Amino acid sequence: MITINENYLKLQASYLFSNIAKRVTAFQQAHPEKDIIRLGIGDVTRALPPACIAAFHKAVDEMGTDSSFRGYGPEQGYGFLREAIAKHDFQARGAEISADEIFISDGAKCDTGNIQELFTQDIKVAIPDPVYPVYLDTNVMAGRTGNFVDGRYQGLVYLDSTKANNFVPALPSEDVDLIYLCFPNNPTGSTITKDELSLWVKYAKEKKALILFDAAYEAFIRDESLPHSIYEIEGAREVAIEFRSFSKSAGFTGTRCAYTVVPKECAAFDSQGNRQFIHPLWNRRHCTKFNGVSYPVQRAAEAIYSEEGQAETKELIASYMRNADLIRQEMATLGYDFVGGENAPYIWIDAKGDSWEFFDMLLNKAGVVCTPGAGFGKCGEGYIRLSAFNSQANVEKAMARIREMGK
Ligand code: MLT
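Residues 648 to 1054 (my numbering) make up the sequence shown, in order.
See below:
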């Protein structure tokens, strides 16, 4: 008899963003005349930078000629892209990361979800609340939790991120082994200072813990005092893995390219208490279970680091951040309490009530899609998230409709 992994039965009925998509589709079917503006899922709307498109085309043409055709590529990614990343994203900021510590992949979602299979089932996992649901769900699937009771999975350590702590969680009061951190934060848009991040690195060293640092939104940082990478913090190479993505920074959500950094010193422990380096194990997993990202996509990603690519992605990010400014201005005018949107494309707004009810009201009355905070965890209840990923015209229209709604 084939038996099921019952951990899957503990999961909430559907993934947050599929649930929202279903509700929006049902609403659109019921009201085909309504023009819906999507400020829910953080999906980019602007075209790929011209430098990426040119490199993409050129690489596709190379695939059409025997002499330049490429078959299987290295699972870890092509050297040209890994070198460019190490130089521009880390070494240029004084973070000592080499090309062979970078693993190219098709998304930070997959990497943050897959990495936890390297660790045993009995580790104590600390997860922020509110949180990007993937960290949570993948640990549920792996059997590291009990049931979902009162809005939380038993067996996990939740790191509350609330207004009281400026949406930056405090160190856990009990010992934990695996810690998820995301800054600039999804969903709250909050940021962490170097001093605050140093405390986490110090904690991880003392407790022999590991930090999974999701930096998918680092490109949106405008305050230059903030860290873009955890490797800007001394000692982080031993205790942190970092995830990055080109999805939001260069419009690659449909093109798919991201990377994970596993420094050579980064280790976990075996049952005898011996240090085991993670790099060869992640490499082993990557080679066994991942086919690599296609050559043309990696060439397109490499072009981000060219002079034109840098200028074009900077402008792309600036355009989304202008939307974030518009949303922040409007929310302030309407008297909402909010955070985020200064160094992140997300604005986290106090809905002054039930977050799914606010979602429904916004959809029904204004035709605007947001993400209800409750979908990100118990501490998200009472909040909604607005994303800056849309055209300026649509964001202006959405703000005007929300203004009208309040009248
Ligand atoms: C979000 O809206 O939180 C993100 O788009 C989700 C993702 O990147 O997978």
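Every residue gets a Cβ at the ideal spot worked out from N, C-alpha and C, and that includes glycine.
It should be emphasised that the depicted structure is a prediction, and the values quoted were computed from it without experimental measurement.
First and last residue of the uninterrupted alpha helix (DSSP H) at residue i
i, result
"Ser966", "Glu954 to Thr980"
"Ile649", "Taken as a continuous stretch (DSSP letters only), Ile649 belongs to no alpha helix (DSSP H), as it is neither H nor E."
"Val691", "No alpha helix (DSSP H) contains Val691, which DSSP labels as neither H nor E."
"Val1042", "Gln1039 to Met1052"
"Val671", "Leu663 to Ala677"
"Asp1007", "Ser1002 to Met1008"
"Leu783", "Pro780 to Met788"
Separation of residue j from residue i, as counted between CA atoms
i, j, result
"Asp682", "Gly1014", "7 Å"
"Lys852", "Lys936", "30 Å"
"Glu1043", "Leu973", "7 Å"
"Gly790", "Ala991", "32 Å"
"Ile839", "Gly741", "18 Å"
"Phe766", "Cys757", "16 Å"
"Gln801", "Asn786", "12 Å"
"Arg869", "Val671", "33 Å"
"Glu653", "Ser661", "16 Å"
"Thr712", "Ala706", "10 Å"
"Ile667", "Tyr967", "22 Å"
"Thr902", "Gln919", "43 Å"
"Ile877", "Arg884", "8 Å"
"Ile744", "Asp824", "24 Å"
"Glu955", "His735", "14 Å"
"Asp807", "Thr759", "20 Å"
"Ala733", "Phe727", "10 Å"
"Ile925", "Ile649", "33 Å"
"Thr717", "Arg932", "Residue 717 is actually Arg in this sequence, not Thr. In a straight line, the C-alpha of Arg717 is about 23 Å away from that of Arg932."
"Asn938", "Gly720", "8 Å"
"Pro874", "Asp842", "10 Å"
"Ser714", "Ala950", "22 Å"
Rounded distance between the beta-carbons of residue j and residue i, thought under 8 Å
i, j, result
"Tyr782", "Asn833", "The Cβ separation is near 10 Å, so there is no contact."
"Gly1024", "Asp997", "With a Cβ gap of about 15 Å, Gly1024 and Asp997 do not count as contacting."
"Ile688", "Ser1034", "7 Å"
"Glu748", "Pro910", "5 Å"
"Asn813", "Lys657", "Contact doesn't hold; Cβ gap of about 32 Å is too wide."
"Ala698", "Glu959", "6 Å"
"Ala677", "Ala947", "The pair is not a contact, with the Cβ atoms about 39 Å apart (cut-off 8 Å)."
Spatial neighbours of residue i in its chain, beta-carbon cut-off 7 Å, leaving aside the 5 residues before and after
i, result
"Ala755", "Asp861, Ala863, Phe890, Arg891, Ser892 and Ala905"
"Gly987", "Thr835, Gly836, Ser837, Tyr993, Ile994 and Trp995"
"Tyr655", "Met788"
"Tyr928", "The sequence shown places Leu at residue 928, not Tyr. Same-chain partners within the cutoff: Leu765."
"Arg1048", "Ala1013, Gly1014 and Val1015"
"Trp1003", "Pro1019 and Ala1021"
"Arg685", "Val1016 and Asn1037"
Enclosing beta strand (DSSP E) for residue i [first to last residue]
i, result
"Tyr850", "From DSSP, Tyr850 is part of no beta strand (DSSP E) but of the alpha helix (DSSP H) over Lys841 to Lys854."
"Gln923", "Arg922 to Phe924"
"Ser1034", "Tyr1030 to Ser1034"
"Tyr993", "Tyr993 to Asp997"
"Val986", "Phe985 to Gly987"
Contact set for residue i: own chain, Cβ-Cβ below 6 Å, skip 5 residues either direction
i, result
"Gly724", "Ile751"
"Pro780", "Leu663"
"Gly1022", "Leu663"
"Ala866", "Ser896 and Ile964"
"Ile880", "Leu844, Ser845 and Val848"
"Asp753", "Arg903 and Val940"
"Ser894", "Thr900"
"Ala773", "Val804, Leu806, Pro819, Val823 and Ile826"
"Cys934", "Glu722"
Sequence-distant residues of the same chain with beta carbon closer than 8 Å to residue i, five excluded per side
i, result
"Val886", "Val848, Ala851, Lys852, Ala856, Leu857, Ile858 and Cys913"
"Gly882", "Val848, Lys849 and Lys852"
"Phe985", "Arg975, Met978, Ala979, Ile994, Trp995, Ile996 and Asp997"
"Glu821", "Lys771 and Val804"
"Met1008", "Met1052"
"Thr907", "Ile749, Phe750, Ser752, Ala755, Asp758, Ile762, Ile888, Glu889, Phe890, Arg891 and Trp929"
Cβ of residue i within 8 Å of any chain C Cβ
i, result
"Gly754", "Going by chain labels, chain C is absent from the structure shown, which holds only one protein chain."
beta-carbon residue i near the ligand HEM non-hydrogen atom, thresh 7 Å
i, result
"Tyr779", "The model on display carries the ligand MLT but not the ligand HEM."
3 or more residues per run - each beta strand (DSSP E) lying fully within the stretch 708 to 776: 749 to 752 and 772 to 776
Unbroken stretches of the beta strand (DSSP E), 3 residues or longer, contained in the stretch 857 to 944: 857 to 861, 887 to 892, 905 to 908, 914 to 916 and 922 to 924
Any beta strand (DSSP E) of 3 or more consecutive residues that is wholly inside the stretch 792 to 828: 804 to 807
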